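Right, one structure below, let's go through it.
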Amino acid sequence: MRKRKILVTGALSLALAACGGGNPAPEQADAAVDAAQAPQEAAAPEQDAATAPAAQAAGTTAAAAADGLQDRAGNPIALLPFDINSVPASTAALGDLPFFSLPEGYAPVNRPSQRAFARFPFRLGDGLHWVEGASWNSLVGIARDQRRDKEYSARELRRNLEAVLEQAGAKKVFEGTLNRDLYYGPQLEEEIGQGFIDGVNMSGDVPTTVHVIRQADRNIWVQLSTDSRSAGLVVVEERPFAATARWSDAPPFLSPPAGYSGDRPKKRDFDMYPFWTGSDFEEVEGRAHIATVRASERGTHSLHEVRRNLEAMMAEAGGTKVFEGRIPKEASERYGFDLKSPYSDGTSFSWHDYDSLVYRVDRPDRRQVWVHARLEYNGGGWVVMEREGFVQTAALLPASALKQQLDADGRVAIQVNFAVDKADILPDSQPQIDQVLALLREDPALRLSIDGHTDNTGEAAHNQRLSEARAKSVVAALTAQGIDASRLEAKGHGQSQPVADNDTDEGRAKNRRVELVRR
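Have a look at this one:
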């Protein structure tokens, strides 16, 4: 029986002709066909173990660090080692990620995701093998401008890509089914199932192959899964991790990795944040720093890169890992919106819906720094608390001083302290309440509005509610001592009436206030 020859239209990308998954221009496509039909160069002699690329151990290291994986049904996943020296060395000239162009008429369905450093568990045997490095992944189908005239063919696409990989000196190390459930278990769903969704979110039994290229200075892994409508393609250039974020001895202590940024970090001069220890929460009081961490360019965020950089910073600081994993839902729900809202940029609202890392740093000055990091496939953040005792910055104003300022300005700020993020008046504020009582008793005709104000930390709606509740608490404290309620009213202004710069500690302290206003 005569076999029909399939035209190979993919080609090695010497100058990254397929950057972002694009196809070669027409004149380049002709050259690509010629290159694909040219005889393959003989592979260079296999290297000795002593001269194998340094990156060969990276996959094994990553695999060893990720024990205890389960698939979607709760079955354990085997993490398998791989001998990179079993792959013949290749001397093919390759460019940069993704190293080869797609066949004529094919293109990424969505914008490809390309990350400077990530990890991916490639199919191997009955399990997976972790590989770290620069990654590229995409869902591949018919190019948008070709859909009227061309039909997708899994055979055409696979034969083209496998021919190109063979020319690059790749060895096929796996051939079987994708087994999608491996990527959607509790440990991998966020980082891999979502982060590499275009490469793995296909029917579980689709044909899948894994190919490895070993070169003197790098290893390249490729996973290709094809169904009747599209293909999932993952490419990783294996490389060792190099930290780009550094710990600082000065607040806010942590920095984002290179290529990452976030909203302007927020700070609270004194507050409480609960850190999950694995069995309960440690409520830490002190100065808070809140930051969002996200990649500066779309499609480049890597949960793994953020995690590895955080781990490097904690190692540099001598930190202790207190917890790693998912905070239980019941535990997360112990704290409500009002506490979580000011910290939502860093750790969001649903602490149980993402992977968390919690660290404690015991500093040489005997002060502690606590860190709770949020790790998600498309973003992240952290809350950092400097543990320290409360330092009172407010001063008592006697009734005579209150009257003098009311007569002069029609308003005066009083020093009332409240429980963190609550409207409960602290006992140390009673002397100030007593002076307000004296003021009202000395002038029975005096009528006051009790006005609550906050700084701009957190959401405006939350701050509005909090200021109203605190004003009402002061009114309640006064009426409880016999002041006629008709002489008082409570108003909340939230963050809408600052009297100082909210960008400084001193300014925020002045903006958090309760005022007496003559009616």
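In terms of mature numbering (1 follows the signal peptide of the UniProt record, and there is no 0), the sequence shown is residues -20 to -1, 1 to 499.
C-beta atoms are modelled at their ideal positions from N, C-alpha and C, and glycine is treated no differently.
Fair warning: this is a prediction, and the values are worked out from it, not measured in the lab.
Rounded straight-line distance, which links the Cα of residue j to that of residue i
i, j, result
"Ala58", "Leu162", "10 angstroms"
"Glu304", "Pro83", "43 angstroms"
"Ile413", "Ser328", "37 angstroms"
"Phe398", "Leu406", "5 angstroms"
"Phe255", "Ala441", "25 angstroms"
"Asp129", "Thr257", "59 angstroms"
"Asp435", "His284", "35 angstroms"
"Ala469", "Met365", "A small fix is needed here, since residue 469 is Glu in this sequence, not Ala. Roughly 37 angstroms separates the two Cα atoms."
"Glu155", "Leu104", "8 angstroms"
"Gln174", "Ser466", "59 angstroms"
"Ala98", "Arg52", "22 angstroms"
"Ala451", "Ala388", "23 angstroms"
"Arg488", "Pro478", "8 angstroms"
"Asp76", "Leu141", "16 angstroms"
"Ser392", "Leu168", "The amino acid at residue 392 is misidentified as Ser; the sequence shows Val. Their Cα atoms are separated by approximately 57 angstroms."
"Pro56", "Asp106", "11 angstroms"
"Pro166", "Trp331", "15 angstroms"
"Leu428", "Thr280", "56 angstroms"
"Ala69", "His191", "13 angstroms"
"Val416", "Ala460", "13 angstroms"
"Lys320", "Glu136", "52 angstroms"
"Met293", "Leu108", "29 angstroms"
"Arg198", "Lys151", "15 angstroms"
"Tyr323", "Ser312", "14 angstroms"
"residue 504", "Asp249", "Only positions -20 to 499 of the chain appear in the structure, and residue 504 is not among them; the question remains open."
"Thr189", "Ser336", "33 angstroms"
"Asp243", "Gly474", "22 angstroms"
"Leu420", "Asp464", "10 angstroms"
"Ile394", "Leu446", "17 angstroms"
"Thr484", "Ala230", "16 angstroms"
"Trp110", "Asn443", "46 angstroms"
Counted within 10 angstroms of its Cβ, other Cβ atoms place residue i as buried (16 or more) or exposed
i, result
"Glu486", "exposed"
"residue 504", "Nothing about residue 504 can be reported from this structure: the residues present for the chain run from -20 to 499 only."
"Glu170", "buried"
"residue 501", "Any property of residue 501 remains undetermined from this structure, which presents the chain solely from -20 to 499."
"Arg498", "exposed"
"Asp251", "buried"
"Pro424", "exposed"
"Ser409", "buried"
"Gly1", "Legend: pLDDT at Gly1 = 39, less than 50; position of this residue unreliable, value from coordinates given subsequently. It is buried - the Cβ of Gly1 has at least 16 other Cβ atoms within 10 Å."
"Ala196", "exposed"
"Ser66", "exposed"
"Phe317", "exposed"
"Gly113", "buried"
"Ser476", "exposed"
"Pro61", "exposed"
Contact test: residue i Cβ vs the ligand NAD heavy atom, cutoff 8 angstroms
i, result
"Pro56", "Because no ligand of any kind appears in the structure shown, any question about the ligand NAD cannot be addressed here."
For residue j and residue i, believed in contact at Cβ under 8 angstroms, the rounded distance
i, j, result
"Arg493", "His433", "5 angstroms"
"Lys246", "Thr71", "So it is not a contact: roughly 53 angstroms between Cβ atoms."
"Val349", "Val338", "Contact doesn't hold; Cβ gap of about 12 angstroms is too wide."
"Asp325", "Gly361", "6 angstroms"
"Ala238", "Thr224", "4 angstroms"
"Ile200", "Pro101", "That pair is no contact at about 16 angstroms."
"Arg288", "Phe221", "5 angstroms"
"Leu74", "Ala148", "6 angstroms"
"Ser118", "Leu213", "5 angstroms"
"Val180", "Arg209", "The pair is not a contact, with the Cβ atoms about 15 angstroms apart (cut-off 8 angstroms)."
"Leu496", "Leu386", "7 angstroms"
"Ser235", "Ser228", "7 angstroms"
"Arg138", "Thr206", "5 angstroms"
"Asp431", "Lys471", "5 angstroms"
C-beta neighbour in chain B for residue i, strict 9 angstroms
i, result
"Asp197", "Of the protein chains in the structure, only one exists, and it is not chain B."
Q: Spell out a yes or no on whether the region 258 to 265 and the region 378 to 387 are touching, meaning 3 or more CB-CB pairs, one atom from each, closer than 8 angstroms.
A: no
**Q.** Sufficient close CB pairs (3 or more, under 8 angstroms) joining the region 81 to 95 to the region 110 to 128
**A.** yes
Q.
Ignoring anything shorter than 4 residues, give me the alpha helix (DSSP H) runs that lie fully in the region 321 to 392, in order along the chain.
A. 324 to 327 and 379 to 389
**Q.** At least 3 beta-carbon pairs within less than 8 angstroms: the region 265 to 280 vs the region 217 to 224
**A.** Here the region 265 to 280 makes no contact with the region 217 to 224; the two share fewer than three CB pairs at distances below 8 angstroms.
**Q.** Sequence ranges, alpha helix (DSSP H) only - wholly within the region 395 to 436, length at least 4
**A.** 410 to 422
Q) Would you call the region 90 to 97 and the region 181 to 197 touching, i.e. three or more CB-CB distances under 8 angstroms? A) no
Q. Quick one: any contact between the region 351 to 369 and the region 273 to 285, if contact means 3 or more CB pairs under 8 angstroms?
A. yes
**Q.** In chain order, each alpha helix (DSSP H) run of at least 4 residues that lies wholly inside the region 188 to 246
**A.** none
Q | Every unbroken alpha helix (DSSP H) within the region 136 to 189, with a cutoff of 4 residues, ordered by chain | A | 177 to 180
Q) At what residue ranges does the region 265 to 306 contain a whole run of the alpha helix (DSSP H), taking only runs of 4 or more? A) 283 to 297
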